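Note sheet for the following structure.
In this note's numbering, the protein residues as written are -7 to 440.
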C-alpha cells in the first residue's frame, strides 16, 4: 500500500485564477522520491500538501483528494498529520519555536506528551542522526543557517515519522553537512520509511532515488530527463582596484566563544571574493563585520564610503512592501538612482511577478526578489550570504550575469556560498573561513 496518494488534485492559492497544482496523480511508496523543477513551478506547494499546510494553513481552493497513511489530508488537522509526516522547510529560521537546541528538537515530542525519559533518548538519537550532537545546549540564535537546517531535520526525525519531507535541505549546507543529511535520509529509507526531497542540486540524489518527478507550471510528470548545466566562467579574473574594505587584527565572538580570531583581510573594488568553509565557521560573521552590522571585540574594520547592498541568509526579512516592484522602487529612491525597477526585475526573470506580494512567492523566487530589492542601481559594496539558495540553473545564470556586471562596474563583492558552480563562475579570490581563521583557498595564510 502506498504511503501517500494524490488523485486528480488541483489547488489554487487565495485570489489566484491559475492553479498552483493542476490535476496531480501521484503515488509515494517507501524509498526516496526526488522532486525537481524550475523555481515557482509548484514543488513547495506539492510538498506542503503532504503535511496539510496546503490547504489548512494557506487557505485557497482544493479539488481532488490526498491521503497519507490512510488519512484524508483535507479532513485531517495538521497537528494529527505531524505524527506521520516530518517536514523540513526551505527556511529553517521560520520554523524555530525555542531558542535552546535540545528544547527545539523536543518540541514535537512535548506536543504528543511523550514521557520525559523517552523524550531525552529520542532527542539524543535525532541530534546524532542529523549530525548535530555537538550543538546540544547551544542557543539557536548563535547557529549558522546550515546548522539551523540540520537542527530542523533533527526535530523532524525525533518524531520517527513514516514519511519525511525535505524542501531544499542541502541548499545552505557544506559538503560534510549535506552528506550527513543524505545519510540520515538513507537510514530512513533502509528502515522501510519514505522520504520526499525537493532539490535543485539533484545529482548526488539521483542514484539513491526509487522514484523521481519534475514539477513545472503546476504539472507533475514522472517521465523526465535531467541535464546538468555547466557553470559560466568569466574568461579572466578581475585585477581589482583600490582597497574597498579591510579587517585588521579583528577578533569577534558570541557567548564567550571566539568565532573569528585576529583576522587580517582586504577586498578591492571591481573584485569578487568568495567565502567557503564549514557551517558555523564564521562566513556570515565576516560578512556582518564588513557590512558594519556587527562590531569586533578588538581590531579595526574599514570600508570606503558608499552604498552597501547586503543579502542576509533569510531573504524574507528584507521583504515588507505590498509588491515586488515597490520593494525595488524603494531601494532606488533611497539610493537616489534613476534606473527603472523593471531593469533588474527583467535581469532576474521577475517581471511576471512584479505585482505580487513578495512573501507569497516560492523560495527561489523570494531569493531573487530579495536580490532585486538590494542590488538595483550601482551599489559600492555588495555582500551576499548564500545567494543561490533555492535557485534553479536558469536563475543562477541570471545571478552570475548580474554580479559580473556589478563587478565590471567597480562594485566590491563578497559572497558566502557552498555552491561550487557559483564560485567557479564568479570568484576572483576564494577564501576559506574555518576554525576562527580566514585563509586563501590554497591554504596559505592571508597577508596582513
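Each residue gets a CB set at the ideal place from its N, CA and C atoms; glycine is no exception. All figures in this text were calculated on a predicted structure; none of them were measured in a lab.
With 16 other Cβ atoms within 10 Å as the buried cut-off, status of residue 9: Residue 9 comes out exposed.
From the DSSP output, which residues share a beta bridge with residue 264? In DSSP, residue 264 forms a bridge with 405.
DSSP-derived helix/strand/coil call for residue 59: It is a strand residue.
At which residues does the beta strand (DSSP E) containing residue 212 begin and terminate? Its beta strand (DSSP E) spans residues 211 to 213.
Where residue 331 falls: helix, strand or coil (DSSP): The DSSP-derived three-state label of residue 331 is coil.
Spatially closest choice to residue 327 from 358, 289, 372, 408, by CA coordinates: Ranking 358, 289, 372, 408 by Cα distance to residue 327 puts 372 first.
What does the alpha-carbon distance come out to for the pair residue 217 and residue 320? Low confidence applies to residue 217: its pLDDT is 48, below 50, so where it sits in the model is not reliable, and the reading given next is rough at best. Their backbone Cα atoms lie some 36 Å apart in a straight line.
Tell me whether residue 103 sits in a helix, a strand or coil according to DSSP, three-state version. Residue state, collapsed to three classes: helix.
For the segment 130 to 148 against the segment 180 to 197, do three or more pairs of beta-carbon atoms, one drawn from each stretch, fall closer than 8 Å, so that the two count as touching? Fewer than three beta-carbon pairs drawn from the segment 130 to 148 and the segment 180 to 197 are found closer than 8 Å, and the two stretches are therefore not classed as touching.
Report, in whole angstroms, the separation of the C-beta atoms of residue 300 and residue 375, which I expect to be a contact under 8 Å. Sure, about 7 Å apart at Cβ, within 8 Å.
Assumed close pair residue 190, residue 211 - CB separation to whole angstroms, cut-off 8 Å: Incorrect: roughly 15 Å between the Cβ atoms, too far for contact.
Rounded Cβ spacing between residue 164 and residue 378 (contact assumed at less than 8 Å): Yes, residue 164 and residue 378 are in contact; Cβ-Cβ is about 5 Å, under 8 Å.
Less than 7 Å between the C-beta atoms of residue 51 and residue 11, yes or no? Cβ distance not < 7 Å, so residue 51 and residue 11 don't count as in contact.
With distances taken between CB atoms, is the gap from residue 271 to residue 169 smaller than 7 Å? Yes, the Cβ-Cβ distance between residue 271 and residue 169 is below 7 Å.
From this set, 15, 109, 273, 209, which residue's C-alpha is nearest residue 424's C-alpha? Ranking 15, 109, 273, 209 by Cα distance to residue 424 puts 273 first.
With a threshold of 16 other CB atoms inside 10 Å of the CB of residue 360, please say whether the residue is buried or exposed. Burial is judged here by how many other beta carbons sit within 10 angstroms of a residue's own beta carbon; residue 360 has at least 16 and is buried.
Span of the beta strand (DSSP E), counted from its first residue to its last, around residue 83: Residue 83 -> no beta strand (DSSP E), and no H or E assigned at all.
I believe residue 119 touches residue 98 by the beta-carbon criterion, under 8 Å. Please report the beta-carbon distance rounded to the nearest angstrom. Not a contact, Cβ separation roughly 10 Å.
Can you tell me whether residue -4 is buried or exposed? The criterion is at least 16 other CB atoms within 10 Å of its CB, across all chains shown. So residue -4 counts as buried.
Look at the Cβ atom of residue 71, then the Cβ atom of residue 265, and state whether they are nearer than 7 Å. No; because the gap between Cβ atoms is not below 7 Å, this pair is not in contact.
How many angstroms separate the CA atom of residue 428 from the CA atom of residue 275? Taking C-alpha positions only, residue 428 is separated from residue 275 by approximately 10 Å.
Burial state of residue 292, where buried means 16 or more other Cβ atoms lie within 10 Å: Counting the other Cβ atoms within 10 Å of the Cβ of residue 292 gives fewer than 16, which makes it exposed.
Pairwise C-alpha distance: residue 285 and residue 296: Roughly 15 Å separates the two Cα atoms.
I need the boundaries of the alpha helix (DSSP H) containing residue 48, first residue and last residue. Per DSSP, residue 48 belongs to the alpha helix (DSSP H) from 45 to 48.
So, with DSSP's three-state summary, where would you put residue 18? In the structure shown, residue 18 sits in a strand (DSSP, three-state: E or B).
Which runs of the alpha helix (DSSP H) spanning at least 4 residues fall entirely within the segment 92 to 176, listed in chain order? Listed in chain order, they are 93 to 103, 108 to 121, 137 to 150.
If I measure Cβ to Cβ from residue 73 and keep anything under 6 Å in the same chain, skipping five residues before and after, which residues do I get? Excluding residues within five positions, the ones whose Cβ falls inside 6 Å are 43, 44.
Collapsed DSSP secondary structure at residue 10 in the structure displayed: In the three-state DSSP reduction, residue 10 falls in the coil class, being neither helix nor strand.
Where the alpha helix (DSSP H) containing residue 285 begins and where it ends: Under the DSSP assignment, residue 285 falls outside any alpha helix (DSSP H); it carries neither an H nor an E label.
Roughly how far, in whole angstroms, is the beta-carbon of residue 60 from the beta-carbon of residue 267, given that I think they are within contact range, below 8 Å? Actually they are not in contact, since the Cβ atoms of residue 60 and residue 267 sit about 40 Å apart, beyond 8 Å.
Less than 7 Å between the beta carbons of residue 53 and residue 91, yes or no? Their beta carbons are not under 7 Å apart, which means residue 53 does not touch residue 91 by this criterion.
In chain order, what residues of the same chain have a beta carbon less than 7 Å from the beta carbon of residue 507, not counting five sequence neighbours either side? The structure shown does not extend to residue 507, since the chain is modelled only from -7 to 440, so the question has no answer here.
Exposed or buried, which one is residue 30 when buried takes at least 16 other CB atoms within 10 Å? With 16 or more other Cβ atoms inside 10 Å of its own Cβ, residue 30 counts as buried.
Can you tell me where the beta strand (DSSP E) with residue 272 in it begins and where it stops? No beta strand (DSSP E) contains residue 272, which DSSP labels as neither H nor E.
With which residues is residue 361 paired in a DSSP beta bridge? The partner list for residue 361 (beta bridge, DSSP) is empty, contrary to what the question assumes.
Residue burial classification, residue 4 (beta-carbon count within 10 angstroms, cutoff 16): Result: buried.
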